[in-house]
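Below is one structure; the comments refer to it alone.
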Amino acid sequence: MTTEVDCFVCKKTGTDMNLKSNHIRCFCHKLTLILNAGLKAINVGTEGFTKDKQGTLGFVPKLALIAKEPNGKESLKTAASVHNIASDEEDGELADHSSDESTAGSVVNKDPPPALEPDVWSCSTISKVLKKVNWVIQQITSSAAKRSEFGVWSKKLDYNGPSLIAGHGICWNIKWQSGDRAYWGRSIINKLIDNEKDRHDHNGGKKFFKDVEISQRQWEIVNKLNKIISVSF
Numbered sequence: 001m002t003t004e005v006d007c008f009v010c011k012k013t014g015t016d017m018n019l020k021s022n023h024i025r026c027f028c029h030k031l032t033l034i035l036n037a038g039l040k041a042i043n044v045g046t047e048g049f050t051k052d053k054q055g056t057l058g059f060v061p062k063l064a065l066i067a068k069e070p071n072g073k074e075s076l077k078t079a080a081s082v083h084n085i086a087s088d089e090e091d092g093e094l095a096d097h098s099s100d101e102s103t104a105g106s107v108v109n110k111d112p113p114p115a116l117e118p119d120v121w122s123c124s125t126i127s128k129v130l131k132k133v134n135w136v137i138q139q140i141t142s143s144a145a146k147r148s149e150f151g152v153w154s155k156k157l158d159y160n161g162p163s164l165i166a167g168h169g170i171c172w173n174i175k176w177q178s179g180d181r182a183y184w185g186r187s188i189i190n191k192l193i194d195n196e197k198d199r200h201d202h203n204g205g206k207k208f209f210k211d212v213e214i215s216q217r218q219w220e221i222v223n224k225l226n227k228i229i230s231v232s233f
């Protein structure tokens, strides 16, 4: 394995790591530090890692136990987190989904400025967009009715892509798959949001998505991040 990694790095970068003399764990440790710094910068988190208490220069990642889907008190914690982000970004409110299909939080959303200025791609903006997209995905995947509606409109709009999955913070590749599937199914997601608005206008009652909208610009932020992460997938 050491020889193969050595050859791979040399071909890609032209740098001879000399891993035969330098322990492979040292190289993996450096990759871990880079990965953790990146995840922290975009607020994805490192919940899938557990610390090695014996380490002196950080830790080498090991997979933790797979977490269960959020429900009950866990959903309330997620709701509070998303609420804070929505308040900072748009002075609105956004609550997470609950196990009850008819339950949803509230949100007031405004599109970002018309022009794609440099700060649109800041870590803070990316984090906020991902939080909003993940919230919408979880609203749909947690409801049997919405999952069924997603399937119906997929046929009507000739969408042959994969179904949605919720990224619950298990590990980064699950988050990537969740965001990637959401991007490809964005037309269906937007249709479900529009349908819910029309339904509320005619029948009233609770708003399932609470006026949340995901603009094309925000979808492109998701797509750009997906492309970057897909290189490592």
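Mapping the sequence shown onto UniProt numbering, position 200 (from 1) lands on 200, and the numbers just tick up by one. For every residue, glycine included, the Cβ atom is placed at its ideal position computed from N, Cα and C.
Under DSSP, the alpha helix (DSSP H) around residue i begins and ends at which residues?
i    : result
L154 : This sequence places Ser at residue 154; Leu is not what is there. A144 to K156 is the span of the alpha helix (DSSP H), which, as asked, contains S154.
V222 : Q216 to S230
K191 : R186 to N203
Please say whether residue j and residue i have beta carbons closer to each other than 8 Å?
i    : j    : result
I221 : F209 : no
Y159 : G185 : yes
V129 : Q216 : no
I165 : F150 : no
L157 : S187 : yes
I229 : W176 : yes
Mark residue i as exposed unless 16 or more other C-beta atoms lie within 10 angstroms of its C-beta, in which case mark it buried.
i           : result
A41         : exposed
V133        : buried
D6          : buried
I34         : exposed
residue 254 : No answer is possible for residue 254: it lies beyond the span of the chain, which begins at 1 and ends at 233.
E196        : buried
F8          : exposed
K155        : exposed
T21         : Looking at the sequence shown, residue 21 is not Thr but Ser. So S21 counts as exposed.
T15         : exposed
S142        : buried
V82         : Since pLDDT at V82 reaches only 49, below the 50 mark, its modelled position is unreliable, and the value read off the structure follows with that caveat. The residue in question, V82, is buried, as its Cβ has 16 or more Cβ neighbours within 10 Å.
K30         : exposed
K11         : exposed
K206        : exposed
E4          : exposed
For residue i, tell me which candidate among the options has the shortest Cα-Cα distance.
i           : options                   : result
residue 234 : G204, V136, K227 and G167 : No statement about residue 234 is possible, as the shown extent of the chain runs from 1 to 233 and does not include it.
R181        : S142, E4, G14 and P162    : P162
Y183        : S142, K146 and K227       : K227
I214        : K131, G38 and L39         : K131
L39         : S124, A145 and R199       : S124
N223        : T13, N18 and I126         : I126
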